[in-house]
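Peer 1:
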Amino acid sequence: MKTPIPEYLVEVLDGTQDGGEVASYIPELARVNPDRLAAALCMSDGRLYTAGDADTRFTIQSISKPFVYALAVQELGLDEVLKRIGVEPSGETFNSASLDPHTQRPDNPMVNIGAIATHALVRPDATVAERVEHIRAGLSAFAGRELELDLNVCSSELETAFRNLSLAYLVRSVGGFEQDPRGIVEGYTHQCSLLVDARDLAVMAMTLANAGINPVAKERVVDEAVAQQVLSVMTTCGMYDATGDWMTQVGIPAKSGVGGGIIGALPGQVGAAVFSPRLDDVGNSVRGVQAFERFSKDMGMHLLKAP
Ligand code: GLN
1 MKTPIPEYLV EVLDGTQDGG EVASYIPELA RVNPDRLAAA LCMSDGRLYT
51 AGDADTRFTI QSISKPFVYA LAVQELGLDE VLKRIGVEPS GETFNSASLD
101 PHTQRPDNPM VNIGAIATHA LVRPDATVAE RVEHIRAGLS AFAGRELELD
151 LNVCSSELET AFRNLSLAYL VRSVGGFEQD PRGIVEGYTH QCSLLVDARD
201 LAVMAMTLAN AGINPVAKER VVDEAVAQQV LSVMTTCGMY DATGDWMTQV
251 GIPAKSGVGG GIIGALPGQV GAAVFSPRLD DVGNSVRGVQ AFERFSKDMG
301 MHLLKAP
């Protein structure tokens with residue numbers, strides 16, 4: 001690319017068109033500045049490039065899901081996790097109340113029902129606070145920085161978490177976990193309330209793309225096979241019921257969150273993150289999707305592009 005990367009990132013962000021609405025089902029999220037816009041790229045050698053509001057922190061929300069899945073697979077082993085949570089795209093909305101009719105498992109760990117089941121698998125005998133702290137520390141290792149919780153967003157979401165509670169009770173009813181569903185939703189909601197900026201997310205994405213080694217801290221966070229498993233599930237399920245569109249248009253393992261973040265991880269090459277709070281109907285950042293379409297086209301990032 002001829003343009004220096006920082007200027008290129010500014011150009012990409014400037015080229016995106018606004019649209020959509022901030023998530024309002026979590027009252028505190030409706031209060032964020034909808035015009036915030038940031039992008040960050042982390043290279044395999046740890047070099048970082050940022051543009052826009054790259055220091056603005058926002059809640060990680062569903063982007064926590066692949067990382068907590070990574071912790072679960074690392075700690076329990078893939079076979080144990082697969083007994084409880086599948087790897088098939090659900091084709092349904094992110095908060096859909098569905099289990100695989102044959103196995104009674106959540107379809108995958110990227111939709112809420114599967115992420116709630118995944119949360120319960122991490123340190124199953126710990127208290128809610130201990131599990132949250134373990135997950136906070138684990139995601140901090142991916143980011144290479146001590147992450148903090150936004151307790152306002154967390155309590156705001158918990159006040160109206162009826163849907164997630166019903167999903168947790170559904171999984172509990174078929175023996176997907178043994179703990180009290182209320183504590184699992186409490187812990188899962190804390191997990192979603194971790195504060196990150198675009199730079200953190202780019203490093204976290206690059207850690208997955210770098211076979212589990214944080215490229216900045218140069219420390220292994222999860223095994224190579226675990227990182228590959230997580231990227232595979234992101235490829236088929238990361239963008240909810242828009243994953244087919246995403247894979248054809250952008251072609252990068254990815255995950256979005258209702259806080260407005262999107263990460264993309266191209267194995268061995270780059271971890272990318274965009275933040276813009278206005279979301280489309282599916283729950284993906286409108287400008288984030290456009291920015292990734294540009295990245296993919298300009299940098300030839302589509303996984304299935306012929307060499
Ligand atoms: N905490 C949110 C929820 O459970 C996360 C959803 C999302 O980011 N798509 O509803």
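Quick note, the sequence shown lines up with residues 1 to 307 if you use full-length UniProt numbering. Ideal Cβ placement from N, Cα and C applies to all residues, glycine included.
Considering only C-alpha positions, which residue in the set I184, A291, R199 is nearest to Q17?
Peer 2: Answer by Cα proximity: A291.
Peer 1: At a cut-off of 7 Å, is V250 close to ligand 1 when judged by its beta-carbon and the heavy atoms of the ligand?
Peer 2: No, since every heavy atom of ligand 1 falls outside the 7 Å radius drawn around the Cβ of V250.
Peer 1: With distances taken from CA atoms, which of V222, L147, V216 is nearest P66?
Peer 2: Ranking V222, L147, V216 by Cα distance to P66 puts V222 first.
Peer 1: Within the continuous alpha helix (DSSP H) that includes Y8, where are the two ends?
Peer 2: Segment 5-14, the alpha helix (DSSP H) holding Y8.
Peer 1: Going by DSSP, what residue range makes up the beta strand (DSSP E) through I263?
Peer 2: 261-266 is the span of the beta strand (DSSP E), which, as asked, contains I263.
Peer 1: From T207, I63, S276, H134, pick the residue whose C-alpha is nearest to that of E75; which is it?
Peer 2: Nearest option by C-alpha distance: H134.
Peer 1: Is the Cβ-Cβ distance between K297 and S62 less than 8 Å?
Peer 2: No, the Cβ-Cβ distance between K297 and S62 is not below 8 Å.
Peer 1: Is T235 near ligand 1, judged by its Cβ being under 7 Å from some heavy atom?
Peer 2: No, the beta carbon of T235 sits no closer than 7 Å to any heavy atom of ligand 1.
Peer 1: Measuring only the C-alpha atoms, how far is L13 from Y240?
Peer 2: Taking the straight line joining both Cα atoms gives about 23 Å.
Peer 1: Can you look up E178 in the DSSP assignment and give me helix, strand or coil?
Peer 2: If DSSP states are grouped into helix, strand and coil, E178 belongs with coil.
Peer 1: Spatial neighbours of A30 within its chain, please: C-beta separation below 8 Å, excluding the five flanking residues on both sides.
Peer 2: Around A30: V22, A23, S24.
Peer 1: Kindly indicate which residue of F94, V87, T93 has the alpha-carbon position closest to the one of D100.
Peer 2: Closest option to D100, Cα to Cα, is V87.
Peer 1: Could you give the distance in angstroms between the alpha-carbon of G238 and the alpha-carbon of I262?
Peer 2: Going by the C-alpha atoms only, they are around 10 Å apart.
Peer 1: For the pair the region 31-40 and the region 273-286, tell me if three or more CB-CB distances fall below 8 Å.
Peer 2: Judged by Cβ distances under 8 Å, the region 31-40 makes contact with the region 273-286, as three or more pairs qualify.
Peer 1: Return yes when the Cβ of A40 is within less than 8 Å of the Cβ of T50, no when it is not.
Peer 2: Yes, the pair counts as a contact, with Cβ atoms nearer than the cut-off.
Peer 1: Who pairs with S166 in a beta bridge, going by DSSP?
Peer 2: Answer by DSSP bridge pairing: none, since S166 is not bridged.
Peer 1: For V289, which option in T248, K305, D107, G176 has the closest C-alpha, if you only look at C-alpha atoms?
Peer 2: The shortest C-alpha separation from V289 is found at T248.
Peer 1: With DSSP collapsed to three states, give me the class of T236.
Peer 2: Looking at T236 - three-state DSSP - the assignment turns out to be helix.
Peer 1: Looking at the unbroken alpha helix (DSSP H) that takes in M204, where does it start and where does it end?
Peer 2: 198-209 is the extent of the alpha helix (DSSP H) around M204.
Peer 1: Just grab the DSSP bridge partners of I113 for me.
Peer 2: Paired residue(s): none; I113 is not in a bridge.
Peer 1: Per DSSP, what kind of secondary structure is T59 in: helix, strand or coil?
Peer 2: DSSP places T59 in strand when its eight states are reduced to three.
Peer 1: Please determine whether the Cβ atom of F94 lies at a distance below 7 Å from any heavy atom of ligand 1.
Peer 2: Yes, since a heavy atom of ligand 1 falls inside the 7 Å radius drawn around the Cβ of F94.
Peer 1: Could you compute how far the alpha carbon of L170 sits from the alpha carbon of L195?
Peer 2: For L170 and L195, the distance between alpha carbons rounds to 29 Å.
Peer 1: Buried or exposed for E159, going by 16 or more other Cβ atoms inside 10 Å?
Peer 2: It counts as exposed.
Peer 1: Taking DSSP's pairing of strands, which residues face K255 in a bridge?
Peer 2: Note: K255 sits in a beta bridge opposite I263.
Peer 1: Expressed to the nearest angstrom, what Euclidean distance is found between the alpha-carbon atoms of I26 and R287?
Peer 2: Roughly 20 Å between the two C-alpha positions.
Peer 1: Among the candidates G91, C154, P4, E130, whose CA atom is the shortest distance from the CA of I60?
Peer 2: Nearest of G91, C154, P4, E130 to I60, Cα basis: C154.
Peer 1: Does G268 pass the burial test, meaning 16 or more other C-beta atoms within 10 Å, or should it be called exposed?
Peer 2: Exposed, since its Cβ has fewer than 16 Cβ neighbours within 10 Å.
Peer 1: Please state the DSSP three-state secondary structure of G288.
Peer 2: G288: helix per DSSP, three-state reduction.
Peer 1: Please name the residue in K305, S64, V81 whose C-alpha comes closest to that of F177.
Peer 2: Selected option, being the one with the closest Cα: V81.
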